[in-house]
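J.: Residue numbers (my numbering), protein chains in the order written: chain A, 1 to 371; chain B, 372 to 742. Here a beta-carbon is modelled for each residue, glycine too, at the ideal position from N, C-alpha and C.
2 protein chains.
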Amino acid sequence: MHFEEPLRLSSGASLRGYDLCYETYGRLNAGRSNAVLVCHALNASHHVAGVYLDEQGQPMPRSEGWWDNMVGPGKPLDTDRFFVIGVNNLGSCFGSTGPMHRNPETGEIYGADFPVVTVEDWVHSQARLLERLGIEQLAAVMGGSLGGMQALSWTLQYPERVRHAVVVASAPNLTAENIAFNEVARRAIVTDPDFHGGHFYRHGVLPKRGLRIARMIGHITYLSDDVMNEKFGRQLRDAVQAAAYKYSTQEVEFQIESYLRHQGDKFAEYFDANTYLLITRALDYFDPAGACGGDLALALEPVKAQFLLVSFTTDWRFSPARSRELLKAMLDVRLDVSYAEIDAPHGHDAFLLDDARYMSVVRTYFERMKS
Amino acid sequence: MHFEEPLRLSSGASLRGYDLCYETYGRLNAGRSNAVLVCHALNASHHVAGVYLDEQGQPMPRSEGWWDNMVGPGKPLDTDRFFVIGVNNLGSCFGSTGPMHRNPETGEIYGADFPVVTVEDWVHSQARLLERLGIEQLAAVMGGSLGGMQALSWTLQYPERVRHAVVVASAPNLTAENIAFNEVARRAIVTDPDFHGGHFYRHGVLPKRGLRIARMIGHITYLSDDVMNEKFGRQLRDAVQAAAYKYSTQEVEFQIESYLRHQGDKFAEYFDANTYLLITRALDYFDPAGACGGDLALALEPVKAQFLLVSFTTDWRFSPARSRELLKAMLDVRLDVSYAEIDAPHGHDAFLLDDARYMSVVRTYFERMKS
Chain A
1 MHFEEPLRLS
11 SGASLRGYDL
21 CYETYGRLNA
31 GRSNAVLVCH
41 ALNASHHVAG
51 VYLDEQGQPM
61 PRSEGWWDNM
71 VGPGKPLDTD
81 RFFVIGVNNL
91 GSCFGSTGPM
101 HRNPETGEIY
111 GADFPVVTVE
121 DWVHSQARLL
131 ERLGIEQLAA
141 VMGGSLGGMQ
151 ALSWTLQYPE
161 RVRHAVVVAS
171 APNLTAENIA
181 FNEVARRAIV
191 TDPDFHGGHF
201 YRHGVLPKRG
211 LRIARMIGHI
221 TYLSDDVMNE
231 KFGRQLRDAV
241 QAAAYKYSTQ
251 EVEFQIESYL
261 RHQGDKFAEY
271 FDANTYLLIT
281 RALDYFDPAG
291 ACGGDLALAL
301 EPVKAQFLLV
311 SFTTDWRFSP
321 ARSRELLKAM
331 LDVRLDVSYA
341 EIDAPHGHDA
351 FLLDDARYMS
361 VVRTYFERMK
371 S
Chain B
372 MHFEEPLRLS
382 SGASLRGYDL
392 CYETYGRLNA
402 GRSNAVLVCH
412 ALNASHHVAG
422 VYLDEQGQPM
432 PRSEGWWDNM
442 VGPGKPLDTD
452 RFFVIGVNNL
462 GSCFGSTGPM
472 HRNPETGEIY
482 GADFPVVTVE
492 DWVHSQARLL
502 ERLGIEQLAA
512 VMGGSLGGMQ
522 ALSWTLQYPE
532 RVRHAVVVAS
542 APNLTAENIA
552 FNEVARRAIV
562 TDPDFHGGHF
572 YRHGVLPKRG
582 LRIARMIGHI
592 TYLSDDVMNE
602 KFGRQLRDAV
612 QAAAYKYSTQ
622 EVEFQIESYL
632 RHQGDKFAEY
642 FDANTYLLIT
652 RALDYFDPAG
662 ACGGDLALAL
672 EPVKAQFLLV
682 SFTTDWRFSP
692 ARSRELLKAM
702 LDVRLDVSYA
712 EIDAPHGHDA
722 FLLDDARYMS
732 VVRTYFERMK
742 S
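(1) Could you tell me whether any non-hydrogen atom of the ligand MN is closer than 7 angstroms to the CB of Gly397(B)?
(2) Span of the beta strand (DSSP E) holding Val561(B)?
(3) Contact defined as beta carbons within less than 8 angstroms: I believe Cys410(B) pairs with Ala522(B). What is the distance between those atoms, to the nearest angstrom?
(4) Which residues of chain A have a Cβ atom closer than 7 angstroms to the Cβ of Ile480(B), listed in chain order?
(5) So, is Pro444(B) buried or exposed, given that buried needs 16 or more other C-beta atoms within 10 angstroms?
(6) Can you tell me which of the three DSSP states Met142(A) falls into?
(7) Mind listing the chain B neighbours of Ala188(A)? Cutoff is C-beta to C-beta under 7 angstroms, in chain order.
(8) To which residues of the same chain is Glu301(A) closer than 7 angstroms at the C-beta, ignoring the five residues directly before and after it?
(9) Nearest-angstrom Cα distance between Gln157(A) and Gly26(A)?
(10) Identify each residue in the stretch 216 to 240 of chain A for which the Cβ-Cβ distance to at least one residue of chain B is less than 7 angstroms, and report them in chain order.
(11) Please compile the residues from chain A whose C-beta is within a distance smaller than 8 angstroms of the C-beta of Arg693(B).
(12) Identify each residue in the stretch 161 to 174 of chain A for which the Cβ-Cβ distance to at least one residue of chain B is less than 8 angstroms, and report them in chain order.
(13) Can you check which of these residues, Leu260(A), Arg81(A), Arg322(A) and Phe312(A), is closest to Ala350(A) by C-alpha distance?
(14) Check for me: the beta strand (DSSP E) holding Gln306(A) runs from which residue to which?
(15) Rounding to the nearest angstrom, what Cα-Cα distance links Pro104(A) and Tyr22(A) in this structure?
(16) In the DSSP assignment, what are the bridge partners of Thr275(A)?
(17) Please state whether the Cβ-Cβ distance between Asn544(B) and Asp658(B) is less than 8 angstroms.
(18) Taking C-beta to C-beta, are Arg583(B) and Ala536(B) nearer than 8 angstroms?
(19) Can you check the stretch 26 to 86 of chain A for any beta strand (DSSP E) of at least 3 residues that lies completely inside it and give the ranges in chain order?
(20) Using 8 angstroms as the Cβ pair cut-off and three pairs as the minimum, do the stretch 442 to 458 of chain B and the stretch 545 to 552 of chain B touch?
(21) Cβ closer than 9 angstroms: which chain B residues qualify as neighbours of Tyr22(A)?
(22) May I ask you to list the residues that DSSP assigns as paired with His203(A)?
(23) Reducing DSSP to helix, strand and coil, say where Ala536(B) ends up.
(24) So, do the stretch 415 to 425 of chain B and the stretch 460 to 475 of chain B have three or more beta carbon pairs nearer to each other than 8 angstroms?
(25) Give the residues from the stretch 650 to 669 of chain B that approach chain A closer than 9 angstroms (Cβ to any Cβ), ordered along the chain.
(26) May I ask you to list, following chain order, the residues of the stretch 695 to 716 of chain B that have a beta carbon less than 8 angstroms from some beta carbon of chain A?
(27) From Ser248(A) to Ala692(B), what does the alpha carbon distance come to, in whole angstroms?
(28) Any chance the stretch 213 to 225 of chain A sits against the stretch 183 to 190 of chain A, with 3 or more Cβ pairs inside 8 angstroms?
(29) Which two residues bound the contiguous alpha helix (DSSP H) that contains Ser694(B)?
(30) What does DSSP give as the partner residue(s) for Thr106(A) in the beta ladder?
(31) Is the beta carbon of Ala140(A) less than 8 angstroms from the beta carbon of Met1(A)?
(32) Which value, in whole angstroms, describes the spacing of the CA atoms of Glu230(A) and Gly57(A)?
(33) Check each candidate in Phe271(A), Asp238(A), Asp272(A) and Asn274(A) and name the one with the smallest Cα separation from Ser258(A).
(34) Could you say which of Pro377(B), Glu375(B), Phe374(B) and Ser381(B) lies nearest to Lys246(A) if we only look at CA atoms?
(35) Rounded to the nearest angstrom, how far is the Cβ of Ala112(A) from that of Gly197(A), given a contact under 8 angstroms?
(36) Does any C-beta atom of chain B lie closer than 8 angstroms to the C-beta of Gln379(A)?
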């Protein structure tokens with residue numbers, strides 16, 4: 001969807017002539033009352049569910065949507081009943097206008113000049129998309145992690161336009177440690193000699209070293225210590241017998257090293273470095289209580305939506321304690337909120353994985369929802 | 372102290388013509404029975420206690436030993452009673468033979484060719500130093516973190532030569548997550564274009580970008596989430612008013628970013644990149660239970676020393692659970708072990724800080740010790 005009217009951003013800058021990539025699943029009902037917006041986290045996109053077909057009509061390998069276990073016919077967010085919309089955020093690198101595109105005002109690729117966007121800006125742009133689609137009110141907005149922040153922001157910015165919010169593995173803001181991990185990742189990218197101040201496109205290079213490091217750091221924080229020990233432990237990669245070390249500092253020695261390098265290499269092939277900076281900064285900045293002197297309950301005063309909050313016991317990136325902060329503030333202002341703390345071993349990644357109790361909680365919440 | 376006889380390493384390689392830097396505090400008694408060896412962790416040295424004086428006899432600024440709060444006259448490890456030895460490990464960059472020195476066999480600077488050294492190798496080299504000093508048996512060996520691993524290794528390799536071991540904030544081996552953080556740090560260094568395969572000395576450059584990232588990652592894991600929130604929280608660096616964001620991805624915005632960059636910059640000025648690789652690998656490799664099929668109690672069978680184990684509640688790098696693993700295995704084989712789990716907010720760093728309960732536990736342990 002192309003938007004010609006400028007979008008005024010939180011920073012004061014404006015973005016004009018931008019596109020938003022989106023996908024929809026299911027059918028909008030006659031009353032236009034069954035729409036559910038799904039917001040994505042760091043490295044996902046508008047492609048929430050389903051698979052793409054090739055020219056022969058065969059499913060393309062590895063083309064499943066990032067929340068395909070959650071969204072689809074008969075799934076917890078049932079597209080036989082709900083009209084689901086996935087939208088790629090501004091500044092991303094999967095189709096919506098971002099740093100890899102040309103600035104219509106200068107004709108140059110944005111690169112590092114793409115304006116800083118916030119969670120609030122994304123929500124604003126999503127609201128415009130829904131207006132174009134003729135949807136005045138969402139049955140629900142849903143997201144995990146950074147997507148959950150967008151869902152929360154929807155209920156704050158557009159209290160009349162959203163009846164329910166499902167906020168999974170999220171937080172009301174980042175802690176100092178969260179910001180610290182983001183900053184290390186950004187420094188790795190920015191200090192890569194191939195970054196060229198963010199204008200690497202002009203130089204025909206990509207700051208892959210930095211992106212690899214950023215992704216490796218990210219991956220550690222997505223997994224729990226327990227699940228890492230279970231999956232990899234201290235297993236060596238190539239050893240024929242136990243404890244047959246190679247005695248090398250640079251070669252891969254342990255399975256976990258091999259896994260992380262592989263994840264880093266894959267990511268550096270497809271993800272845009274400027275997008276990484278923008279998205280981690282949007283995470284850093286999100287802090288709805290900030291404008292209310294840190295009083296989250298006060299910040300939630302305008303909210304009218306009902307909530308489902310979900311957290312996972314082993315998530316140390318956005319721990320259950322952060323969801324409980326949200327829960328407490330919501331109860332303080334008499335919001336209708338359900339909270340499920342799921343005992344799952346997978347850390348932050350759990351929000352993307354199949355867990356029977358998690359899926360069942362979300363399914364029940366949507367089943368009870370009027371549409 | 373210069374050693375001419377070759378040191379056979381765990382890897383099968385040999386190191387010859389090496390030096391060990393050491394300092395001593397207090398006096399060896401007539402029975403040579405009051406010696407305590409203090410082993411250092413990642414970025415420390417033989418300079419455990421006291422300050423250096425300039426030519427005018429004035430204390431030099433910032434020259435305090437790294438455990439000066441623990442070791443000295445009247446301190447928990449009391450140098451009025453004990454003869455304390457600090458030794459810089461092989462492969463380090465603070466005086467003992469390491470990658471910055473010349474290989475006597477080739478005349479070239481070792482760089483990446485410095486052989487991989489293990490905790491066991493360090494202990495072996497320390498044992499040789501003690502032989503030269505005429506110390507047949509240690510009253511105690513003591514260390515925190517990686518230093519604690521050396522203390523544990525002493526009791527395994529030289530059961531007759533150590534009466535007590537004080538193992539603080541340590542672990543019987545690294546978890547997959549510990550190894551993962553080490554690996555990201557190593558990749559940041561090795562992929563820095565200024566690393567030149569570890570032979571950067573020849574090129575007149577230093578891989579500072581990589582070292583900065585490595586140190587930033589390390590720092591996050593040394594601190595607890597709580598203490599980071601207390602010290603830095605979401606405070607902005609330069610904002611005149613709250614929430615006055617700069618909307619920049621590359622400038623310092625939060626206090627925690629400024630702190631981490633500063634720590635990274637400082638470290639990159641003085642620490643050797645090859646040393647960082649070597650020391651993190653020694654951490655990865657340490658696993659005394661490995662040779663016993665993972666049975667830590669079985670590995671501890673030869674041990675005769677008495678132990679004090681100390682852990683800190685908010686240490687998530689070497690959590691109390693890891694010390695309790697050690698404790699359980701020691702109890703299983705009927706070792707004499709005391710364990711203190713200190714409720715401290717500072718994370719892994721707590722082992723270097725003043726905490727009244729921690730200091731008191733260590734003081735009492737040494738007070739009761741025969742010398």
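T.: Well, looking at it:
(1) Within the structure as shown, the ligand MN is missing, as the structure has no ligands at all.
(2) Residue range Ala547 to Val561 is occupied by the alpha helix (DSSP H) that includes Val561(B), with no beta strand (DSSP E) assigned at that position.
(3) Contact between Cys410(B) and Ala522(B) holds, with the beta-carbon distance rounding to 6 angstroms and staying under 8 angstroms.
(4) Correct list: empty, because the minimum Cβ distance to chain A is about 16 angstroms.
(5) exposed
(6) In the structure shown, Met142(A) sits in a strand (DSSP, three-state: E or B).
(7) Ala559 and Ile584
(8) Val333
(9) 26 angstroms
(10) When C-beta distances to chain B are compared with 7 angstroms, the residues of the stretch 216 to 240 of chain A below that value are Met216, Ile217, Ile220, Asp225, Met228, Asn229, Phe232, Gly233 and Arg234, in chain order.
(11) Here the premise fails: no neighbours, minimum Cβ distance about 11 angstroms.
(12) Asn173 and Leu174
(13) Phe312(A)
(14) Gln306 to Phe312
(15) 21 angstroms
(16) In DSSP, Thr275(A) forms no bridge with anything.
(17) Contact: yes.
(18) no
(19) 35 to 39
(20) no
(21) Correct list: empty, because the minimum Cβ distance to chain B is about 25 angstroms.
(22) Beta-bridge pairing links His203(A) to no other residue.
(23) strand
(24) In this structure the stretch 415 to 425 of chain B lies against the stretch 460 to 475 of chain B, because at least three pairs of beta carbons, one per stretch, are closer than 8 angstroms.
(25) Thr651, Arg652, Asp655, Tyr656, Asp658, Gly661, Ala662, Gly664 and Gly665
(26) none
(27) 29 angstroms
(28) Result yes; three or more Cβ-Cβ pairs closer than 8 angstroms.
(29) Pro691 to Asp703
(30) DSSP, once it has assigned bridges, lists no residue as partnering Thr106(A).
(31) no
(32) 39 angstroms
(33) Among Phe271(A), Asp238(A), Asp272(A) and Asn274(A), the Cα nearest to that of Ser258(A) belongs to Asp238(A).
(34) Ser381(B)
(35) 6 angstroms
(36) What is shown of chain A runs 1 to 371, which leaves residue 379(A) out entirely.
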